[in-house]
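The next block holds one structure in the form of structure tokens; read it before the comments.
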Amino acid sequence: MNAIIKWWMTPKLPPEDIFDFPLLQNKSIFGKGFHLISHWLIHPFKRRLARRYLKLLQSYTKITVIGVTGSAGKSTTVQMIASILRQKGKTVATPPSIDPIFNVPNTILKCPPWTKFLILEMSVEYPGEMDFYLWLAKPDIGVITNIFPTHTEFLKDEEGVLKEKSKLTIGLDESSFAVLNQDDKRLRNLARKIRARIIWFKADNAAAASSVGKLLGVSGDGISYGLKNYNRPKHRLEIKKHKSGAVILDDSYNSNPEAAILTVNYFN
1 MNAIIKWWMT
11 PKLPPEDIFD
21 FPLLQNKSIF
31 GKGFHLISHW
41 LIHPFKRRLA
51 RRYLKLLQSY
61 TKITVIGVTG
71 SAGKSTTVQM
81 IASILRQKGK
91 TVATPPSIDP
101 IFNVPNTILK
111 CPPWTKFLIL
121 EMSVEYPGEM
131 DFYLWLAKPD
141 IGVITNIFPT
151 HTEFLKDEEG
161 VLKEKSKLTI
171 GLDESSFAVL
181 NQDDKRLRNL
191 ARKIRARIIW
201 FKADNAAAAS
211 SVGKLLGVSG
221 DGISYGLKNY
231 NRPKHRLEIK
241 KHKSGAVILD
251 DSYNSNPEAA
261 ILTVNYFN
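Using full-length UniProt numbering, the first residue of the sequence shown is number 1, and each one after it goes up by one.
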């Protein structure tokens, strides 16, 4: 029975909490029913279909899969990488602000057979969640933006965060690439455990995206163009102008103390 339950359920949400799930709040009875059917009955089949489909693409096409994780800057980095790589071919990336448990399989299934680059945001909150993403998709390139003490309700402490997120790069083989933040001491120490070839970048999201672009053969001008024209996710360093003339930098989405400090440093 446990094996059947494990097969069926996503690792995201305990069954007893299903009606307390935030996405179900303020929904009608019909809305709740539709949500539960689509996410709890249909999704288990969808994620297995997505896994098989991506394996097929990786076996018979030249698709490059890029996984992105970290404690801050993931969505922005994904959109920057996507903007850069679109100049080299068909690129599909996870849209921001959607639960990755559902977002990753849905994004895989959006790939046409001629997709050249697939970029997946692999955000984790729970122990074992990264294992789920790596079961779904085997990346050729793994990017870790930074490690902060986030989601400690479930991951306990910074070491727990590092242990879970680092699975993305520790699992890469010698033919793959790990793109890591050189300014993060925890990631410098992690390098000893990684078999993949390591590419270091300095601190910010643009540097991480540029490193991936260079690795995949995008020119300097192409990288600059991509960084100037990426789709900026809402509430992530979003620049707004107030009627008083003041400029507001909105970085309110899912922020944490370290990310807030990075935002303040952005003014420099």
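Quick reminder that beta carbons are idealized off the backbone N, C-alpha and C, glycines included.
Tyr60 has its alpha-carbon roughly 32 Å from the corresponding atom of Gly73. Per DSSP, reduced to three states, the secondary structure at Val143 is strand. With at least 16 other beta carbons inside 10 angstroms of its own, Ala50 counts as buried. Beyond the five residues adjoining it in sequence on each side, Asp157 comes within less than 7 Å, by CB distance, of Pro149 in the same chain, given in chain order. Here Gly222 has Gln87 as same chain residues with Cβ atoms under 6 Å from its own Cβ, once five neighbours each way along the sequence are excluded.
The beta carbons of Pro96 and Ser123 sit no closer together than 8 Å.
Put simply, the backbone Cα of Thr107 is about 39 Å away from that of Gly245. Distances from the CA of Leu216 to each of Leu56, Phe45 and Leu85 were compared; the closest alpha carbon is that of Leu85. Straight-line measurement puts the Cα of Lys243 at about 43 Å from the Cα of Val65.
For the beta strand (DSSP E) assignment, the uninterrupted runs of no fewer than 3 residues enclosed by the UniProt domain "Mur ligase central" (68–209) are, from N- to C-terminal side, 91–93, 117–121, 141–144, 177–181 and 197–201.
For the options Ile194, Pro127 and Ile248, the alpha carbon positioned closest to that of Leu172 is the one of Ile194. A distance of 8 Å or more separates the beta carbons of Leu109 and Ile144. DSSP lists Ile248 as the beta-bridge partner residues of Lys240. Around the beta carbon of Glu121, 16 or more other beta carbons lie within 10 angstroms, which makes this residue buried. Using a 10 angstroms sphere on the CB of Thr152, the tally of other CB atoms stays under 16, which defines it as exposed.
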